[in-house]
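Numbering (full-length UniProt numbering), first residue to last: 1 to 409.
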């Protein structure tokens, strides 16, 4: 493609860098390939500001525009929130108004659009549906290329009901802007299939939620009597499968089994889970994305507890699965479409259980407690799979190839 150093790529997300590892990995790969990289993002959670700064300090060649609308910037927060509420009300009167839909999805659309246009990039890549109109509009203004990374099947993130407000809102943006993108990447094969079914002109490419091998430490096989289960997310909350695990462990009632949960936990949720369990749950405070791997490697089993509803949860492959692989953990996964397919294609790394069946889940846990040879086989296979198939070193080559072909087209 000539000299990539002459090309500027602009990556856009409506939120924090720290909560968008896919964007950060893309930025890193583009910098390594010789591109100029500019990032546009906003900040609204105080506790993530330090993590954002760590990322910026790691990639010093990165240029960026950031908008802080945390509680310390109350005026901007109140103003943009009021605009968003007005737009939600107006959307009922003007259901086809494009600007209203853009502002509902991204209260900082105007600020991000101005910064994107002024970046004068050769390509704009959007992460999260709220950034798609920003990238597409800026690309049109500057006669540049536009890409979209669909980490989720956004229209069915909240509901499957066609008349649901969020479904209609996101479907409108999909229909308006996906026809304008020059490429589409998706975070799972079934998300890719879902978009292809809806938009026949698109050719979605799967870029999995994998990580760099630098995060892989020495595998820790289990030589002990006990068993340590691990689950993580930004928040620890209800109706995410944790109740099933707790009830299964209540059935087993064995002090040799530990449950470790990582994420933000408010007092109400703390009481809810502690009252549900007849054992002590080990809680871990939120940590940066880069520190999760070291923590995860201390455990035996990674829990992937996705639900079947709404549709997005059924067809997504979250970063949990790939965090567990690179950390050398056996996997216990709920039987969503995506997770069943993944464990079928990648045998002997763990087991699938039927959602809601705590008895079956308890049997799987007991089997892995009692059969350490099987547990360690799963752990070793997961560890090796990350080295040979599911890592960012391999996946990033495909991503850079997409960028180069799009720019040259």
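For every residue, glycine included, the Cβ atom is placed at its ideal position computed from N, Cα and C.
Computed from a prediction, not measured in an experiment: that's the story for all the values here.
Anticipated Cβ contact below 8 Å, residue i with residue j, distance rounded
i	j	result
residue 383	residue 302	Going by Cβ atoms, the distance from residue 383 to residue 302 rounds to 12 Å, so no, they are not a contact pair.
residue 353	residue 364	6 Å
residue 7	residue 36	7 Å
residue 296	residue 230	6 Å
residue 260	residue 169	About 37 Å; that fails the 8 Å criterion.
residue 304	residue 333	4 Å
residue 221	residue 376	5 Å
residue 106	residue 131	7 Å
residue 150	residue 191	6 Å
Same chain only: Cβ atoms within 7 Å of residue i, ignoring 5 sequence neighbours per side
i	result
residue 28	59
residue 88	104
residue 272	238
residue 138	113, 116, 117, 124
residue 393	212, 213
residue 111	67
residue 248	358, 361, 362, 365
Neighbourhood of residue i by C-beta distance below 6 Å, restricted to the same chain and skipping five residues each side
i	result
residue 157	312
residue 228	258, 299, 300
residue 319	209
residue 201	none
residue 410	With the chain covering only 1 through 409, there is no way to say anything about residue 410.
residue 391	210, 213
residue 128	13, 14
residue 289	21
residue 284	262
Cutoff 8 Å; reference residue i; Cβ partners in own chain excluding five residues on either side
i	result
residue 55	17, 18, 24
residue 52	16, 17, 18, 41, 43, 66
residue 97	90, 91
Length of the line joining the Cα atoms of residue i and residue j
i	j	result
residue 125	residue 39	10 Å
residue 179	residue 398	22 Å
residue 49	residue 187	26 Å
residue 152	residue 316	6 Å
residue 336	residue 306	7 Å
residue 406	residue 199	19 Å
residue 21	residue 160	27 Å
residue 42	residue 133	16 Å
residue 203	residue 196	7 Å
residue 31	residue 369	45 Å
residue 380	residue 219	8 Å
residue 262	residue 321	15 Å
residue 374	residue 14	44 Å
residue 293	residue 83	40 Å
residue 79	residue 194	37 Å
residue 409	residue 144	11 Å
residue 251	residue 359	8 Å
residue 177	residue 339	29 Å
residue 400	residue 148	14 Å
residue 181	residue 234	30 Å
residue 395	residue 215	15 Å
residue 269	residue 122	46 Å
residue 387	residue 265	33 Å
residue 331	residue 323	10 Å
residue 282	residue 326	22 Å
residue 246	residue 355	13 Å
residue 1	residue 226	In this predicted model, residue 1 has a pLDDT of only 45, less than 50, meaning its place in the structure is not dependable; the value taken from the coordinates is given anyway. Answer to the nearest angstrom: the Cα atoms are 55 Å apart.
residue 224	residue 348	21 Å
residue 286	residue 205	32 Å
residue 70	residue 275	33 Å
residue 403	residue 256	50 Å
Residue burial classification, residue i (beta-carbon count within 10 angstroms, cutoff 16)
i	result
residue 74	exposed
residue 350	buried
residue 362	buried
residue 309	exposed
residue 184	buried
residue 34	exposed
residue 92	exposed
residue 367	exposed
residue 120	exposed
residue 47	exposed
residue 207	buried
residue 155	buried
residue 9	buried
residue 81	exposed
residue 163	exposed
residue 280	exposed
residue 62	buried
residue 242	buried
Residue i CB to nearest heavy atom of the ligand COA below 7 Å
i	result
residue 322	With respect to the ligand COA, the structure offers nothing, as it holds no ligand at all.
is_contact[residue i, chain C] using C-beta, thresh 8 Å
i	result
residue 297	The chain inventory of the structure shown lacks chain C, comprising one protein chain alone.
Taking only runs of the alpha helix (DSSP H) that begin and end inside the segment 89 to 121, which ones reach a length of at least 4 residues, in chain order?
98 to 105, 109 to 119
Could you give the uninterrupted runs of the beta strand (DSSP E) lying entirely in the segment 335 to 396, keeping only those of 3 residues or more?
With a minimum length of 3 residues, the continuous beta strand (DSSP E) runs that stay inside the segment 335 to 396 are 350 to 353.
Could you pull out every unbroken alpha helix (DSSP H) segment of at least 4 residues lying fully inside the segment 163 to 196, listed in chain order?
List check, alpha helix (DSSP H) in window: 165 to 177.
Report the start-end ranges of each alpha helix (DSSP H) in the segment 295 to 331 that is 4 residues or longer and not cut off at the edges.
Those alpha helix (DSSP H) runs which fall completely within the segment 295 to 331 and span 4+ residues are 311 to 315, 319 to 327.
Curious, which full-length beta strand (DSSP E) runs of at least 3 residues does the segment 116 to 162 contain?
123 to 127, 145 to 150
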